[in-house]
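All remarks here apply to the structure that follows.
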Amino acid sequence: MSRTTHDAIREALRGVPGGAAGTRIEVTIDPNVKRAPFGVVTDRGLPAGLPPHTPNQPQYDARSTEFSDDEIIVTRLPPGEEDANSTMCMVSGRLARKVVKATSGHAPVPQPIPATFCIREAPGKGLGMFATRDILAGELIVAERPLLVTPAGIPARRTLPEHLTQAQVSQVLLADAEREYEVLLEKTAPALRDAFMALVDSHRFDGSGPISGRIRTNGFGADDMTDPEKPGYAMGANAYSLVCDNLSRMNHNCAPNAPRYFHVSTFSMQVRAIRAIKNGEEITTAYCETLVPFVARKAELARYDVKCTCSLCINPSQSDPLLAYCKKVRDRTPRASGNCDRGWYTDFSVPESTAVKSLLADLAAIVKVGQEFESSYVFTLFQLMKTYAARGDVTNARAYAKQYAVWHLAVHGKEVDDKQVESAFGMVAVAEVVLRMKGKMKGKMAGGKANAAK
1 MSRTTHDAIR
11 EALRGVPGGA
21 AGTRIEVTID
31 PNVKRAPFGV
41 VTDRGLPAGL
51 PPHTPNQPQY
61 DARSTEFSDD
71 EIIVTRLPPG
81 EEDANSTMCM
91 VSGRLARKVV
101 KATSGHAPVP
111 QPIPATFCIR
121 EAPGKGLGMF
131 ATRDILAGEL
141 IVAERPLLVT
151 PAGIPARRTL
161 PEHLTQAQVS
171 QVLLADAERE
181 YEVLLEKTAP
191 ALRDAFMALV
201 DSHRFDGSGP
211 ISGRIRTNGF
221 GADDMTDPEK
231 PGYAMGANAY
241 SLVCDNLSRM
251 NHNCAPNAPR
261 YFHVSTFSMQ
271 VRAIRAIKNG
281 EEITTAYCET
291 LVPFVARKAE
301 LARYDVKCTC
311 SLCINPSQSD
321 PLLAYCKKVR
331 DRTPRASGNC
341 DRGWYTDFSV
351 PESTAVKSLL
361 ADLAAIVKVG
371 QEFESSYVFT
381 LFQLMKTYAA
391 RGDVTNARAY
401 AKQYAVWHLA
411 VHGKEVDDKQ
421 VESAFGMVAV
431 AEVVLRMKGK
441 MKGKMAGGKA
451 NAAK
C-alpha cells in the first residue's frame, strides 16, 4: 500500500480549458486556481440540474499533423510500438511531438542485471520496494514506462454556472475528469489497465473517482515532461502526472536513498541509488519537500494517508535544526542556469580561498540528514573539488570529482566520461601547477637557508 505521489505533491484545479497544475507549485485560492480537496467530502454528487459530462476524445497518432501544439490530445507514446509496451497519454500536441522526436531511435528501456529489487510487505506501510542485493551509488535500480500520463492538474471541461460554490466547482471538475479518465483507461492495454487498478487509492472519500484517485495518489512529476509556461497561468500549470507500476510501490522517506528522473529517449521513469544501498534495505523516494520542519511535512503527507516514521520524523527536535541548516545551504546555492553554457557547473576558475572547513561542515550536515539528492550537495562537492585542486591536493580533487559524477548519474541519469573524472574536469592540472609552485617555493627557501649559513 505504497502512498506514492507526484514530485510536487501539490495538485491544483484550474478553471481554464487546457490548463493544468502540478510539480512544485504554490497554489493560491482564487476563482481560477483551486486546490483539490482531500479528507472526507460528504456531498460528492453533481449539483442539481447539472448533467454528467460527455467526453469527446478522438485518439491521434502522435506522428500525424492533425493537431496543434497547444491542443490537449489523447495518443499512445512512444508511437509505433505494441500496445502493451506503450502508454496512453493525455498531453499537449507539443509534448507529443517532443516525445516522438526523442524516441525515434527506438532505444530499449534499460534493465539492471542482475535484478535489484523485489516488492514485498513493508512493516506498517503495506507494500514496499526492497533491495535484493547490494546496490552501488549511481547504479540503476528500476526503469519502466508509465501506465498512464495525464495533466497534473484537473482542467475544466465545460463552462460552469456562476452560482456554484467553491466546493461544488471542485466536485464538478473531479467528476468530469473521472469521465475523461474512464475513456483513456479503456484505450489502455488490458495488462497495464489491471496494473493501474491494482494501485492504492488514498483519495477514496474526497470526491475523487477510482481513476482520478489513483492518479492523485500515485502520479509522479518529471521536469522533462512539461510544457512551456504560459503568462497568466498558475506556476506549474504546464506539468503532467506519470503513473508507474513498480515505482508506485516505493514508499516515502524524508531521507530518501533513490531519486527519480524521466528519460525521454526511452520514455521511461528511472530510479538510481543516491548512496549505497544494502541487500534487504528498503528503497525509498520523497513525496514532499524535505527541508521543512516536521510539522509541515506531516501535514503535507496527511493528504496521502502517509504517517512517516523515518529517522528524521522520529526525533524532530534534533532533525529540524539540522534540516534548517541544510535549507540555508541550499538557499545560498546558485540556481542552475537555463543556459547550459553559463551555469555554476561550468565555472572552473580557481577559488580565491583554499579553506575547506566550512564546505566540509556543509557536506557533513547534508549527509547526516540524508539529503544527498539536493542541489546543495552537488554544488558543495563541486566547490570542494576546485578548492582541493587550489591547495594542490590531487587525491581529494579526484575523489570529489568522482562523487560529483555519481550524483549526476543518480539524479539525471547522465554518465560522465572517466577521463573527465580522472582529470577532475581539468582541475588536476591546476593542482599540479600549485604543487610545482610549492616545490619551487620550498627550493627557494632551502636555497636561502643554505646561503645564509655560509
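Numbering (UniProt numbering), first residue to last: 1 to 454.
Just so it is clear, CB atoms sit at the ideal spot from N, CA and C, and this is done for glycine as well.
For clarity, every value in this text was computed on a predicted model and none was experimentally measured.
My assumption, with CB atoms under 8 Å, is that residue i sits in contact with residue j. Please give the rounded CB distance.
i, j, result
"Leu140", "Leu192", "Between Leu192 and Leu140 the Cβ distance is about 22 Å, and since that is not below 8 Å, they are no contact."
"Ile215", "Ser241", "6 Å"
"Ala405", "Ala273", "In fact, because the Cβ distance is near 14 Å, the residues do not count as touching under 8 Å."
"Arg303", "Ser375", "About 25 Å separates the two Cβ atoms, so there is no contact after all."
"Cys310", "Asn253", "5 Å"
"Phe220", "Leu184", "Wrong, their Cβ atoms sit about 17 Å apart, outside the cutoff."
"Glu180", "Arg204", "About 19 Å; that fails the 8 Å criterion."
"Phe196", "Val149", "Contact doesn't hold; Cβ gap of about 12 Å is too wide."
"Ala390", "Pro351", "5 Å"
Select from the options the residue whose C-alpha is nearest the C-alpha of residue i.
i, options, result
"Thr116", "Glu281, Phe382 and Glu432", "Glu281"
"Pro256", "Val109, Thr290 and Arg44", "Thr290"
"Gln270", "Cys288, Pro293, Met437 and Asp245", "Asp245"
"Lys327", "Ala299, Ala390, Phe373 and Thr346", "Phe373"
"Ala355", "Lys298, Val172 and Tyr388", "Tyr388"
"residue 483", "Ile277, Leu409, Val369 and Asp347", "What is shown of the chain runs 1 to 454, which leaves residue 483 out entirely."
"Lys386", "Arg76, Ile113, Thr150 and Trp344", "Trp344"
"Ser349", "Gln166, Ser92, Phe382 and Leu435", "Phe382"
"Ile283", "Ala302, Arg249, Ser92 and Ala397", "Arg249"
"Lys278", "Pro79, Ser208, Arg133 and Pro52", "Arg133"
"Thr159", "Cys308, Ala390, His53 and Glu352", "His53"
"Thr266", "Ser86, Val430 and Gln59", "Ser86"
"Ala152", "Ile72, Ala48, Asp206 and Met129", "Ile72"
"Gln420", "Ser92, Ala401 and His408", "Ala401"
"Gly124", "Glu422, Cys308 and Asp418", "Cys308"
"Arg82", "Asp70, His106, Glu178 and Arg94", "For the sequence presented, residue 82 should be read as Glu rather than Arg. Ranking the options by Cα distance to Glu82, first place goes to His106."
"Ala431", "Glu422, Gly392, Asp417 and Trp407", "Gly392"
Alpha carbon to alpha carbon, what distance is there between residue j and residue i?
i, j, result
"His412", "Tyr261", "6 Å"
"Gln168", "Leu46", "8 Å"
"Tyr377", "Leu363", "7 Å"
"Ala189", "Pro259", "28 Å"
"Arg145", "Val109", "8 Å"
"Lys34", "Ser170", "Low per-residue confidence applies at Lys34: pLDDT is 43, beneath 50, and the placement is therefore not dependable enough to give any value."
"Gln111", "Ala84", "17 Å"
"Ala198", "Thr217", "12 Å"
"Pro321", "Arg332", "17 Å"
"Thr285", "Val433", "43 Å"
"Met225", "Cys118", "27 Å"
"Ala239", "Glu66", "23 Å"
"Tyr325", "Ile366", "9 Å"
"Thr103", "Leu435", "48 Å"
"Gly439", "Ala336", "38 Å"
"Arg76", "Ala62", "7 Å"
"Met90", "Lys414", "28 Å"
"Met437", "Val394", "14 Å"
"Ile25", "His263", "Annotation note: pLDDT 22 at Ile25 (below 50); position unreliable, no value reported."
"Ser202", "Met129", "19 Å"
"Ala96", "Val428", "44 Å"
"Thr28", "Glu182", "Residue confidence for Thr28 is low, a pLDDT of 24 falling below 50, so the modelled location carries little weight; the figure read from the coordinates is stated next. Computed Cα separation, rounded: 29 Å."
"Ala424", "Arg398", "5 Å"
"Val100", "Gly370", "37 Å"
"Val416", "Ala361", "26 Å"
"Leu127", "Tyr287", "16 Å"
Just verifying my parser: in three-state terms, what is the DSSP assignment at residue i?
i, result
"Thr284", "strand"
"residue 466", "The displayed coordinates of the chain run from 1 to 454. Any statement about residue 466 would go beyond what the structure contains."
"Ala143", "strand"
"Pro321", "helix"
"Thr150", "strand"
"Glu415", "coil"
"Ile314", "helix"
"Phe262", "strand"
"Met437", "helix"
"Ala156", "coil"
"His163", "coil"
"Val306", "coil"
"Arg10", "Since pLDDT at Arg10 reaches only 29, below the 50 mark, its modelled position is unreliable, and no value is offered."
"Gln57", "coil"
"Met250", "coil"
"Ser268", "strand"
Would you say the beta carbon of residue i is closer than 8 Å to some non-hydrogen atom of the ligand ZN?
i, result
"Pro78", "In the structure shown, the ligand ZN is absent, as is every other ligand, since no ligand is present at all."
Could you pull out every unbroken beta strand (DSSP E) segment of at least 3 residues lying fully inside the segment 63 to 140, listed in chain order? 72 to 77, 87 to 92, 117 to 122 and 126 to 131
Identify every run of the alpha helix (DSSP H) within the segment 175 to 247, keeping only runs that are complete inside it and at least 4 residues long; order them along the chain. If we require 4 residues or more, the alpha helix (DSSP H) runs fully inside the segment 175 to 247 come out as 190 to 197 and 210 to 218.
What are the complete alpha helix (DSSP H) segments, minimum 4 residues, inside the segment 316 to 401? 316 to 331, 357 to 368 and 375 to 390
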